[in-house]
Each structure stands twice: as C-alpha cells, then as structure tokens.
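Enquirer: Got a structure for you, written out below as structure tokens; questions coming shortly.
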Amino acid sequence: MKFRNHTLKNGLHLVAECNDEAHSTALGFFVEAGARDETDAVAGVSHFLEHMAFKGTPTRSADEVNRRFDELGAHYNAGTSEENTVYYAAVLPEHQDAAVELLADIMRPSLREDDFDTEKQVIVEEIHMYDDQPPFGADEKARAAYFGSHPLGRSVLGTVNSVTELPVDAMHEYFRRRYSPGNIVLIACGKVDFDALVALAEQSCGHWKPFDCRRTAEPATLQAGFQAIRKEIATQQYALSLSAAPAADNPDRYAAKLLATVLGDDSGSRLYWELVDTGLAEHVSLGHSEYADAGVMTTYLSCEPDAAAANLQRILDVYRRAESDGVTTAELKQAKSKLSSRIVLSGERPRGRLFAVGSDWVYRRQYCSIEDDLAAVAGVTAEEVSAVLAKYPLSRGATLTIGPLDDVAAPK
Amino acid sequence: MTEPILSHTFPNGLVLVAEPTLSLQSVAFTFVVPAGCVYDPPNRSGLGGFTCEMALRGAGSRDSRQFIIELDNLGVEHHESVTAAHTGFSGAMLSKNLPAALELYADLLQRPHLPENQLEAARLVMLQELRAVEDEPAQKVMLELRRGHYPDPWGRPPQGEQEALEEITIEDVRSQFDRSYHPGGTIIGVAGRFDWRQLKDTVGRLLGDWEPREGAPVVEKPRTRRYRHLDYKSNQTQIGIAYRSVPYRDENYFQAWGAVGVLSGGSSARLFTEVRERRGLCYSVYAACHTLRDRGAVFCYAGASADRAQETLDVTVGELARLADGIENDELDRLKARMKSALIMQQESSAARSGAIARDWYHLGRARTLDEVGRLVDALTHQSINAYLTDHPPGDFTVVTLGPHKLEVSGEIS
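Residue numbers (my numbering), protein chains in the order written: chain A, 650 to 1061; chain B, 4 to 417.
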C-alpha cells in the first residue's frame, strides 16, 4: 500500500492508496456539500443535485452518461448525507482514465430544466418510498429533534413540497456556492496509476474555477426530550435515541466505536442479550456517527408496540449500569476482535477502502492505513472507554418513537 | 486466471468445495444444509427458521451465551438464512481463526442443545421477524409474488405464519432437526486464504462421523392464482411481476440471464431507462433471475405513487413483452462489460465466493471457476439470446400488488 497525494492549482485535492495487488480501482469525488448547507427554501437541493449530476453535461445527454458508465462495466453510485455528497465508481484498472474523465464530467452537470422536472418526480417517489417504511423515515425526524435549529438537524431528502417548489435557478445557485474545486477531493483506492490520475485530473478538472465556499460552523445546542409520532400503517413500534459523542476530529472516536460495539452491536452485545436474544425486541443497536463539529450515538429499537415502553426502560437501565460500572476487559477484548475483523474484511475491497480513506481525508486531512486503524483500535483501554461514557452519557439525549401507538411512556 | 476449485466428498455424503484466493487475508465459509422451508410440515410453517434459531442457542460444551461469545471472540461475521431448499450458515473472519470457527459449527450441526427453556424466546424472535416484514412493503410484495408464482411449497415465505409459529413445540423443533440436518445434501463452501490439506483434514475430523440419514420428500401442490392485490394504506403501490424462466443448471440459463440483464443490468438497461429515466415513474425498478434446482423464474419489482402505479405496471409489462422482439448487440456488449468487472471484483470478497461455490455445487454437482463463468458470458451473442427469446417469450405473468387500489391487469396476465 502506498499513500500518494497532490493538489491542483485550483485547490482540488487528489488522494490515493495504491495497492498493486488489487484487482480493481475505486474512484470517488467527495464534495463537502450536504443538507447542512441548505436553507428551508431549498431543502433537499443537495440530494436532488446528486441525482441531476447523472442527467447530462454539456457534452453528454442523460442516456449517454448512463450508457458510458455501463460500457466501462462500472459499479457506481452516489450518496448524499448531512455534510457530504459522494460520487463513486469501481472499475477494472484498465478503465481508470475513462472513469475519471466520466466522473469529472458529471461533476459539472448541465442541470437542464426538462431533465430537472422529470427527476423531481423520481425524488418525490423516493420520499414517498421512505415514508411508507417507518424505520427509514424516522432517522431524519430524530435528528431534527436532537439538533433543533442547528444545520445538522436538516432533512437530506427535503419534503414533497420543498422539492416540488424548487426552481432550477436555485439549484444552479447552490452548485455555484458548494462545488468549488477546493471543496472537493478525488479519492482513488486499489490498483491506481497515480501519475496518470494526476495528469487526467489536470486535464478534466484543472479548468474548474475556484471560489469561496467556507462552511460556517456554529456550536450545536443539543436537545433532550421525548416525542411520539403516530404512524397508522406501521405494525412495529420504532424508537431512535440520539445523544452526544466524540466528533470526527476527536481521537476518542475509536473508544466511542468500541463502546458502541460492547453495548449495542447486533451480535453478542449487552443490549443484544437483554432484548434480542430474549425475543423482547426485533432489533436493537447502538452506533457512533461522526460529523465535522459533532458526534452522535444513535440507539435504534424496533419491537411490538406494547413492549416499547418497557424496552426503552431496559435500554436506559443498561446505559445507566454501564455509566456507573464501565465495561469489562473481556468485553473490550471481544469488541476489538469484532471491529478489527470488520476493518480487514471491508478493506479487502477497494470500494470499502474508498470510504475509509475518503472520510479520513475529508474530516481530518489525514491518511490512515488499515494497519494504523488496527493499531488505534488495539490501543484503546477500558479506562478510555469509561472516560468517553462519563463525558458523553448515553442516558441523556433526545428520543423519538414512531409506530401505531399515540403515545409511549418515556423511561425514567 | 483464477485459482482452481478443490473439492472432496466424504463417505457420509458431506461435500467440501473450496477456492483459494491468496491475495486475501480473510477466509469465509458457507454451510448449506438441506433444511429449507419446503420441508416445513403442514400447519408448521416457519419451523425451518425456528429450528435454525434454536440451533444457535448452544451446542457441544457451550451454552447459548458461550456459543455466541466464542464466535464474537474469533471475530466471525456470521449470518444465517433460510431459503426454499436450505438453511445457510455463513461466516467471514481472519484466516487464522477458521479451524476454531469450524469447530463451533460442527457442534451446532451434530450436537445442538435445542434447549427447551429457550423455546419461548426463540418463538418471540420468529414472531418479531414476521411482524417486521409488514413494515417493509417492498419485501412483502416480493414474498407474496414468489408464493403466488411457484407451486407450494417452493414459493413459501421462510418466515412462516403466526398461527403455526404459536403452535410449535420443542418436539417439533427436535424432530425437524433430526429430519433435515444431515450430511447428505450438506455442502460447505470455503473461499479466501486457507491451506487445502489442513482444511480437508479439519473438516474430516470434525464432520466425517456425522451420521447420514434419509432426506425428507417434498410434496408439491398446483399454483393457485395469477393476480392478487393486497390492500395497504400507503403512498406507493408496490408491484411484483413474475414469469417462467429456466433454472441455473439448464443449458440455456445464460441466455435467459443475458435477456434479463438487458432489462435490468445497469442504468442504461431498459427498465431503468423507460420507467424511471424517461417517465420519472418510480425510484426503484428491477428484474432478476431466480433459480430453484428444477425451475427458474424472473421476478420484477416496481414501486410508484398510487396515482401513477397503473402507468408503471403498463410500461413495465410493455417492456417485458417487447423483450420478445429481440435485443441489440450494443445492449449485450454493455452487459458483458459489467459482468466482466463483476466477476473480477467477486475475487475481492471471500464471503461472496464461498456462497457462490456452495450454491454452484447444489445446482450442478460441481463449482464453476470465475474464468469458466467468464467464458460462458463471452460466448453469448445477441443472436443466441434472441433465439432463446423466440422460444421463451416473457408472458403468462403472475402479478401481485400492494397499495391503496387494485390495478387493471390485461387479459394476458389474468
């Protein structure tokens, strides 16, 4: 594995982990643009723009974009989150140049009005689809409850109304605000010819004009509380609880991930034994996610409606016990074994490495090899895990439940 | 060139099939045991899944908790699934932990506790899984489509039915285990980094004495209906469409696969282009080949807002019918490019390969290397696929919809 990086004159970063043994090449443009960069008037524009990138450029129609990806045998997709939009493709190494050229081309989309109007309908379908699946729609509502008016509480999808009413000019304007080359990183993993990557990026992206697109970070005032939303068609009751956790730039994030594994992994964790093994809940998990200026621990529960209140109480009791007694050495050792295994398994695919290398660079301007990550996991002590728990108590946060019940008793 | 595939059949009928990939640090195994839901007795639907859930609750010298803790200590990413024909147990891990992990599964297969004091917990788990499907309308419509398309028991949902799950006793679980967990018909696929000689010896030592038993027969009933609508107060109507195809072991399988790839492989494929890109009717639309050992089907899915569901159904069925008019060479070329990279990228996943070679063995009695699959794909031409489509035009559709309104289905369908 060899780490290489380079910055073009216009500010576009190129970062690569080159592995000569790999069978494929994964490439991705990571753009710092997401729901947090929006206002109410353009809610959902980041995600809508991600769709529009595939709808044509000055030199390609939408059909030509799709056909070209398929001709290259590319396995590709894009995704939008609160903070980033990522466009990626995995190809055979022989197609590296062509894939970079194509991805670079769609990073300067035409945003034609007729395509825009057709794609609006697809986005509305996507919103309706998630709304029909209570476990999916709930996460955005829970984030809104927890972050309150902080931009991280904004919806990625937007609403049927905000998307339907969005004028194409507002998308052009948003693009001009966020898609500056200095706000974009091109990541490459697997079998990468780095010199060719630099040459092709110069040719395809070197002419992109830089502009100012600083993101203002404001401290989040996190909300606690308990809220129940009735969803008539739901069969199960769902609950999401969000609480504070180490942010992306905080070295405690490894301890936080191990803590989440000990308490809420989907196999063999404390919550698993308490709620899943016993059949009291269909699913329960605890996960750590990181943002630029905040971290979040998310507890997810799905169970029969009548069992929801008692299960939420059991979860809170598990958290309180952990807060007072910490975690055991045996639990920590087991969590390290699981996490290390996952790091190695996901790292065997260049596609898996792409996201690890990408988030290391986007959030920390740092490269970490698989060995670095394994060493960081191995080095965490039980005291460090307890310290994280003391600083970021899981028993304090915002809970949202959604399901057939009008109300659910909040745990005490 | 990919590595050759190694295999060994033990005297009790157990098959070990393995593909080394030395560029990986990991290894993965997939056990397919002939304990699928087609063997659920009458009035005991879901028993196969229930038995799988119980089998994980302690085996050999370890109780339920120790068993899972040991798997977690070894860092085994494990997964269980029940299909029509099989119960599958799979795991991926660092290479050095394979022998210890196999030891755990050898206990599970031969010495499970099936503890009576955990029967109620397992029942609750099964009932929760059944309820969860109700909140996943896209999954639900496809389960119902399979049930409507294949003759019973081949189309059964593995989750079972509530009444049956509530009746299951510990004797049911134990006799189901005795009937369906046996070495004849069990296949172990292993892929990634391992030493073949050591692996073969380990499996022989752990499972060579597993006692063979007679497999249970499957009794088929004729299929009943072609169009079924399920009322559901949702925004979208979920649409499932099925038609007959050939199974994996049929000499024409890759022709059928190629035709479906033109419909649904990649975003320049016909369904995505016509239903989503040109008309904006839905977010998700696809078609895929599904295979049982003796029969195959194509299952299509689309989900669209209720007021546009009729148009979505009509356009989708129109595309299925248009397939019979033939495909173009450039459509096949794009499909081949996608398949070439998919095959090469499959080598990057030990878990994917271990499952693929185990399933190959079930269907063919041998496993295909990725090179062999590549040659079969290369040999396809648009003429060969069109000849297949002339003989096997999509038609005689089974349709299931789930949403606020029933749809109009044309004469050909109903």
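From the three backbone atoms N, C-alpha and C, an ideal C-beta is built for every residue, glycine too.
In this structure, how does DSSP classify E80/B when only helix, strand and coil are distinguished?
Expert: DSSP places E80/B in strand when its eight states are reduced to three.
Enquirer: Enumerate in chain order the residues of its own chain whose CB-to-CB distance from E106/B is below 7 angstroms, with the five nearest sequence positions on each side excluded.
Expert: Excluding positions up to five away in sequence, the list reads L209.
Enquirer: Return yes when the Cβ of Y940/A is within less than 8 angstroms of the Cβ of E732/A, no when it is not.
Expert: Closer than 8 angstroms, so yes.
Enquirer: Reducing DSSP to helix, strand and coil, say where K651/A ends up.
Expert: K651/A falls in the strand class under three-state DSSP.
Enquirer: With burial defined as no fewer than 16 other Cβ atoms inside 10 Å of the residue's Cβ, what is the status of W199/B: buried or exposed?
Expert: It counts as exposed.
Enquirer: Spatial neighbours of H385/B within its chain, please: C-beta separation below 8 angstroms, excluding the five flanking residues on both sides.
Expert: Cβ within range, chain order: G329, I330, E331, N332, E334 and L335.
Enquirer: Hey, is the stretch 48-68 of chain B in contact with the stretch 386-400 of chain B, meaning 3+ C-beta pairs nearer than 8 angstroms?
Expert: With the cut-off at 8 angstroms, the stretch 48-68 of chain B and the stretch 386-400 of chain B do not touch.
Enquirer: Count the other CB atoms, across all protein chains shown, that sit within 10 Å of the CB of S417/B; report buried if there are 16 or more and exposed otherwise.
Expert: Low confidence applies here, because S417/B scores a pLDDT of 42, under 50, leaving its location unreliable and the question unanswered by this model.
Enquirer: For chain A, is any of its Cβ atoms less than 8 angstroms away from the one on N332/B?
Expert: Not one chain A Cβ lies under 8 angstroms of N332/B.
Enquirer: Between G192/B and S29/B, which are expected to be in contact by the criterion C-beta below 8 angstroms, what is the C-beta distance as a whole number of angstroms?
Expert: That belief does not hold up - the Cβ atoms of G192/B and S29/B are roughly 14 angstroms apart, past 8 angstroms.
Enquirer: Roughly how many angstroms lie between the CA atoms of D1007/A and V834/A, to the nearest whole one?
Expert: Here the sequence assigns Gly to residue 1007/A, which means Asp is not the residue at that position. Straight-line Cα distance between these residues: approximately 8 angstroms.
Enquirer: For my contact list, T294/B and Y246/B are in at a C-beta cut-off of 8 angstroms; report their separation, rounded to the angstrom.
Expert: The pair is not a contact, with the Cβ atoms about 14 angstroms apart (cut-off 8 angstroms).
Enquirer: Assuming H116/B contacts V36/B under a Cβ cut-off of 8 angstroms, what Cβ separation, rounded to an integer in Å, is found between them?
Expert: That belief does not hold up - the Cβ atoms of H116/B and V36/B are roughly 17 angstroms apart, past 8 angstroms.
Enquirer: Examine chain A for any beta-carbon lying closer than 8 angstroms to the beta-carbon of S417/B, and answer yes or no.
Expert: Because the pLDDT of S417/B is 42, which lies under 50, any placement of that residue in the model is unreliable, and the number read from its coordinates should be weighed accordingly. No, its Cβ sits nowhere closer than 8 angstroms to a Cβ of chain A.
Enquirer: Determine which residues of the stretch 136-149 of chain B have a Cβ less than 7 angstroms from any Cβ of chain A, and write them out in chain order.
Expert: Answer in chain order: E137, D138, E139 and P140.
Enquirer: Expressed to the nearest angstrom, what Euclidean distance is found between the alpha-carbon atoms of E789/A and S892/A?
Expert: Between E789/A and S892/A, the C-alpha separation is close to 15 angstroms.
Enquirer: Give the residues of chain B in contact with N715/A, contact being defined as C-beta atoms less than 8 angstroms apart.
Expert: The contacting residues are G269, S270, S271, F275, T276 and E280.
Enquirer: Quick one: any contact between the stretch 900-916 of chain A and the stretch 850-869 of chain A, if contact means 3 or more CB pairs under 8 angstroms?
Expert: Taking 8 angstroms as the limit for Cβ pairs, the verdict is that the stretch 850-869 of chain A does not touch the stretch 900-916 of chain A.
Enquirer: Going by C-alpha distance, which of Y736/A, P784/A, L1038/A and R761/A is nearest V967/A?
Expert: Looking at the Cα atoms, L1038/A is the closest of the given residues.
Enquirer: Taking only beta-carbon atoms, is C55/B less than 8 angstroms away from chain A?
Expert: Closer than 8 angstroms: no.
Enquirer: Is the CB-CB distance between E22/B and R356/B below 8 angstroms?
Expert: Contact flag set, yes.
Enquirer: In this structure, how does DSSP classify G140/B when only helix, strand and coil are distinguished?
Expert: In the sequence as displayed, the identity of residue 140/B is Pro instead of Gly. Correct three-state label for P140/B: helix.
Enquirer: Considering only DSSP beta bridges, list what M946/A is partnered with.
Expert: M946/A is bridged to S892/A and H937/A.
Enquirer: Just the C-alpha distance for S759/A and A702/A, rounded to the nearest angstrom, thanks.
Expert: Distance between the alpha carbons of S759/A and A702/A: 8 angstroms.
Enquirer: For the pair the stretch 944-958 of chain A and the stretch 1044-1059 of chain A, tell me if three or more CB-CB distances fall below 8 angstroms.
Expert: They touch, by the three-pair rule.
Enquirer: So, for L101/B: in the same chain, excluding its five sequence neighbours on each side, which residues have a beta-carbon less than 7 angstroms away from its beta-carbon?
Expert: For L101/B, where only same-chain residues beyond five positions count, the Cβ hits under 7 angstroms are V30 and F197.
Enquirer: Identify each residue in the stretch 47-74 of chain B for which the Cβ-Cβ distance to at least one residue of chain A is less than 8 angstroms, and report them in chain order.
Expert: Listed by position, the residues of the stretch 47-74 of chain B near chain A (Cβ gap below 8 angstroms) are S67, R68, I71, I72 and L74.
Enquirer: With a CB to CB cut of under 6 angstroms and the five nearest residues on each side skipped, what residues in its chain are close to Q113/B?
Expert: Excluding positions up to five away in sequence, the list reads W213.
Enquirer: Applying a beta-carbon distance threshold of less than 8 angstroms, which residues of chain A neighbour E2/B?
Expert: Because chain B in this structure spans residues 4 to 417, residue 2/B falls outside the shown range and cannot be described.
Enquirer: Residues of chain B with a CB under 9 angstroms from the CB of R998/A: which are they?
Expert: Correct list: M348, E351 and S352.
Enquirer: Please check if any C-beta of chain B sits within less than 8 angstroms of the C-beta of Q886/A.
Expert: No, Q886/A does not count as interfacial toward chain B.
Enquirer: Going by Cα to Cα distance, which pick from L326/B, P7/B and G16/B is closest to Y365/B?
Expert: With distances taken between Cα atoms, Y365/B lies closest to G16/B.
Enquirer: 8 angstroms is my cut-off, CB to CB: does Y365/B come that close to chain A?
Expert: No, no contact with chain A.
Enquirer: Taking 8 angstroms as the CB-CB limit, is A883/A close to chain B?
Expert: True, the Cβ-Cβ gap to chain B drops below 8 angstroms.
Enquirer: What three-state label does DSSP hand I8/B in the structure shown?
Expert: If DSSP states are grouped into helix, strand and coil, I8/B belongs with coil.
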